[in-house]
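Here the structure is laid out as structure tokens; the discussion comes afterwards.
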Amino acid sequence: MKKLSVDKIPDIVEEYDFISYLKREMQSYINNSIISSKLIHFDKYFLDNKDIFSENNKVLSARQIIISGSQHFVIREFPKRFEISVDKNQVMPNFNTFKIYDLCCLINDGNLEVEPYPIFNDCINYINQHINELYYMYEES
3 MKKLSVDKIP
13 DIVEEYDFIS
23 YLKREMQSYI
33 NNSIISSKLI
43 HFDKYFLDNK
53 DIFSENNKVL
63 SARQIIISGS
73 QHFVIREFPK
83 RFEISVDKNQ
93 VMPNFNTFKI
103 YDLCCLINDG
113 NLEVEPYPIF
123 NDCINYINQH
133 INELYYMYEE
143 S
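Residue numbers (our numbering): 3 to 143.
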């Protein structure tokens, strides 16, 4: 799964605020882009493998995974850039044994049994393609 990498821009005084704005835009993009029909085969896969993908008689839901992933973006700062990605340490709510990142990778990248639904990669591509417009909207807000 891709990570959003944004080079530091020396003339932006509040660049961390802009990166936080991008994080919120990513959350909004993902939550508004979920296509239910693309989740059916994941939910069936989870049900068919409920001995692996269930806990306390609850089976994972693809929609729940995607939403949890979008709610757990983290910003990491490096000397010359920022990076936004799904937190690798967070576990799924109500499922203590499943890491959100691993499940988001399963949905985004697929495996031998399920086709990928690259919603996270699509989001990062969207942000990269529209970063100038997003910066303009950030400046106007």
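From the three backbone atoms N, C-alpha and C, an ideal C-beta is built for every residue, glycine too.
Per DSSP, the beta-bridge partners of residue 79 are 84.
Partner residues in a beta bridge of residue 16, as assigned by DSSP, do not exist. For residue 120, the closest of 111, 127 and 5 by C-alpha to C-alpha distance is 111. The criterion of a C-beta distance shorter than 7 Å is not satisfied by residue 63 and residue 29. Contact between residue 102 and residue 5 does not hold, since the beta-carbon distance rounds to 15 Å and is not under 8 Å. About 6 Å separates the beta carbons of residue 77 and residue 21, which is inside the 8 Å limit, making them a contact pair.
One thing to note: residue 55 has its Cβ within 7 Å of the Cβ of residue 48. Where residue 7 is concerned, the enclosing beta strand (DSSP E) starts and stops at 6-9. In the DSSP secondary-structure assignment, residue 40 is not bridged to any residue.
Runs of the alpha helix (DSSP H) lying entirely within the segment 93-143 and spanning at least 4 residues, in chain order: 102-111, 121-131 and 133-142. The three-state reading of DSSP puts residue 52 in coil, since its state is none of H, G, I, E or B. Residue 36 sits close to residue 68, with the two beta carbons spaced by under 7 Å.
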